[in-house]
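The sequence shown maps to residues 1 to 523 in our numbering. The C-beta atom is built at its ideal place from N, Cα and C for all residues, glycine as well.
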Amino acid sequence: MKFKILFLVFSLWTAIPLSSQVLFPSPQIYSLEKGIFNITTATKIKGNSTYAIQLADKLSGQLRGLSASDSSHNIILLKLLSNSTSNTGEGYSLDVKGDTVLLEATSEAGLFYAKEALLQLACFGKGKIRYCHIQDTPRYQWRGFMLDESRHFFGKEKVKQYLDIMASLRLNVFHWHLTDEPGWRIEIKKYPKLTQIGAIGNWHDPKAAPKFYTQEDIKEIVAYATERHIMIIPEIDMPGHATAACKAYPEYSSGGEGRWKDFAFNPGNIKTYQFISDVLDEVAQLFPSPYIHIGGDEVHYGNQSWYTDTEIQDFIKKQGLTDEKELEYYFLRQVASIVSSKGKTMIGWDEIVDAGIAPDKAVVMWWRHDKESQLVKALEQGYRVILTPRRPMYADFIQFASHKVGRQWNGYNTIENVYNFPTLIMHLTKGYESQILGMQMSLWTERVADEKRLDFMTFPRLIALSEAAWVFEKNKECSLFMQHLPVFLKYLDSLGVYYFNPLDPKSIEEPQSPEKEDVIQNG
Ligand code: ACM
């Protein structure tokens, strides 16, 4: 409320339009004062430590196009505060007053976010920034976006563009779904057929030329993300959704017939576990993140052969397991210890809650919005949880009533739904707040065959995600966010990103997918 009144008062006198001095996500404390700081070619940009100096140099380059030719002297000072005992928080402060812009934080991530905030203000205000005081810190530590590149592959440049936008929005986790039915997208040196065979095809064309990331590509993207304080979580989906791998190495497949042939690894073959361990060895080396996502979802779609295969049935008996479901959980426990042996923690979709894995050995992603009990069970058992329920956090759902391509399930996912998350489910997590790491928007790409559709499904909902994940409940106000939205949309224009405009829905054409009309009804 205070924030709104301040906006109103200052908009009456200042030359900078009201709409330009906004931030995405909105800071927790933000006051505007009288006066304007002009970024000029003479502005000095300095840092107080090795990291702060690096960041200052980066900022200099980024502000170059926005600096007015002027000799008036002023300074932007980036300060990493070393007198704090904690260097882990992501908070920052930003003060613009007189001839000084002061950015302060106790962690490198915090200082980076101060720099990103300043960059937004400078961009939106075309080099002019109103005097202000900002004190900011995120609500959740996990602010993630998942991209499925198995169904369709988008490549290094698009991923880097998204990492740039994520950094600007202070999103800090990129969950990379690299393997699934249509394609295996990560080079594994020990098993070259994973990409020679497994990378062929996509959701629409099983014969499409192989597309994958080499290990050099991955290193480059990881470095790019790390510089932007984004952690990349690789997902190697198993035991189901493993078709591409099983086609490449049928000796580890549980076979099957028809639509679901080769969908699942063979959990009754001990060599499968060695194969998985070898693959995860290389994955663990490539990604510095402490987590590896191993999927674990929807095994029942394609494990029919487990019920009839004599090798698998013998294995069930030998291990003293009661049935095929127990075998699935056995597999997940084995994989949890493989991941643990690489010094990493496993993340899995919410099916893993029933597998009997020690709660400190796994993190759960809650995705089945229609199974609230699974979220509650995960929390009661002591798991840390990331919230990405299909409604409203799956971006493959349509976002407007007249849209024709995408999913629906008793409705669809509007930008307002994303912004307002997790208010409607907070009664489920009450008392377990410390176990909620954060939230994520997840984009499956069955119906996202090109960049235009990718952008259209992602934006502007990703902006709302950053608000939902960053801004404390008491500071959220959807109508104000919607009012400010055009400022970020203009920035997306400058990047050539295609997006849906919820403020003028008819102005933007919905890009088609190869299946022209393709609304998928669930539930
Ligand atoms: C999922 O959507 N199958 C995790």
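| Item | Value |
| --- | --- |
| Under the rule that 16 or more other beta-carbon atoms within 10 Å means buried, what is Glu473, buried or exposed? | exposed |
| Check this for me: beta carbons of Ile236 and Thr179, under 7 Å apart or not? | yes |
| Could you round the C-beta distance between Ile45 and Ser60 to whole angstroms and report it? I think they count as a contact, below 8 Å. | 5 Å |
| Between which two residues does the alpha helix (DSSP H) containing Phe315 stretch? | Thr310 to Lys318 |
| Keeping to the same chain, check which residues put their C-beta closer than 7 Å to that of Tyr307; ignore five residues upstream and five downstream. | Glu324 |
| Hey, how far is the Cα of His403 from the Cα of Met231? | 33 Å |
| Within 10 angstroms of the Cβ of Gly110, are there 16 or more other Cβ atoms? Answer buried if so, exposed if not. | buried |
| One question on the structure: do Gly438 and Tyr92 come within less than 7 Å of each other, judged by their Cβ atoms? | no |
| May I have the straight-line CA-CA distance separating Phe456 from Pro392, to the nearest angstrom? | 16 Å |
| Consult DSSP for Lys34 and reduce its assignment to one of helix, strand or coil. | strand |
| Near ligand 1, which residues have their beta-carbon closer than 6 Å to a heavy atom? | Asp297, Glu298, Trp349 and Trp367 |
| Please look up how many angstroms separate the CB atoms of Phe174 and Pro267, rounded, as I've assumed it's under 8 Å. | Contact flag wrong, Cβ pair sits at about 29 Å. |
| Using only the alpha-carbon positions, how far apart do Ile436 and Glu220 sit? | 31 Å |
| Taking its Cβ as the centre, do 16 or more other Cβ atoms sit within 10 Å of Gln274, making it buried, or is it exposed? | exposed |
| Assign Ser442 to one of three DSSP states: helix, strand, or coil. | strand |
| Which runs of the beta strand (DSSP E), 3 residues or longer, sit entirely within the stretch 104-159? | 128-136 and 142-148 |
| Do you know whose CA, among Gly320, Asp370, Asp350 and Ile292, lies nearest Ser337's CA? | Ile292 |
| Would you kindly work out how many angstroms separate the C-alpha atoms of Ala401 and Phe500, rounded to a whole number? | 13 Å |
| Run through the stretch 425-504 for me and flag every whole beta strand (DSSP E) of 3 or more residues, listed as ranges in chain order. | 436-443 |
| Quick check: the stretch 361-370 against the stretch 335-350, are at least 3 beta-carbon pairs closer than 8 Å? | yes |
| Could you pull the start and end residues of the beta strand (DSSP E) that Ser341 belongs to? | Not the beta strand (DSSP E): Ser341 falls in the alpha helix (DSSP H), residues Glu324 to Ser341. |
| Nearest to Val96 by CA position, among Ser82, Ser31 and Ala105, is which residue? | Ser31 |
| Any idea which residues DSSP pairs Gly348 with across the strands? | Val364 |
| Nearest to Ile271 by CA position, among Gln334, Gln196, Lys160 and Gly295, is which residue? | Looking at the sequence itself, residue 271 is Lys, so the reference to Ile does not match. The option with the nearest alpha carbon to Lys271 is Gln334. |
| Could you spell out where the beta strand (DSSP E) holding Glu235 opens and where it closes? | Met231 to Met238 |
| What are the boundary residues of the alpha helix (DSSP H) that includes Phe275? | Ile270 to Leu286 |
| For the alpha helix (DSSP H) that Arg384 lies in, which residues bound it at each end? | Arg384 -> not in any alpha helix (DSSP H); beta strand (DSSP E) instead, spanning Arg384 to Leu387. |
| Express the C-alpha separation of Leu492 and Lys115 in angstroms, rounding to a whole number. | 19 Å |
| Just to confirm before moving on: does the CB-CB distance between Val487 and Pro25 stay below 7 Å? | no |
| Can you tell me whether DSSP reads Lys97 as helix, strand or coil? | strand |
| If we count the other Cβ atoms within 10 Å of its Cβ and call it buried at 16 or more, is Asp148 buried or exposed? | buried |
| What are the residues that DSSP puts in a beta bridge with Ser253? | Phe265 |
| My assumption, with CB atoms under 8 Å, is that His241 sits in contact with Asp297. Please give the rounded CB distance. | 7 Å |
| Report all residues from its chain with a CB closer than 6 Å to the CB of Thr41; omit the five preceding and five following residues, and keep chain order. | Ser67 and Ser69 |
| Once the 5 residues before and after Tyr498 are set aside, which same chain residues still bring their CB inside 6 Å of it? | Lys452, Asp455 and Phe456 |
| Out of Leu503, Gly255 and Pro138, which one is the CA nearest neighbour of Phe459? | Leu503 |
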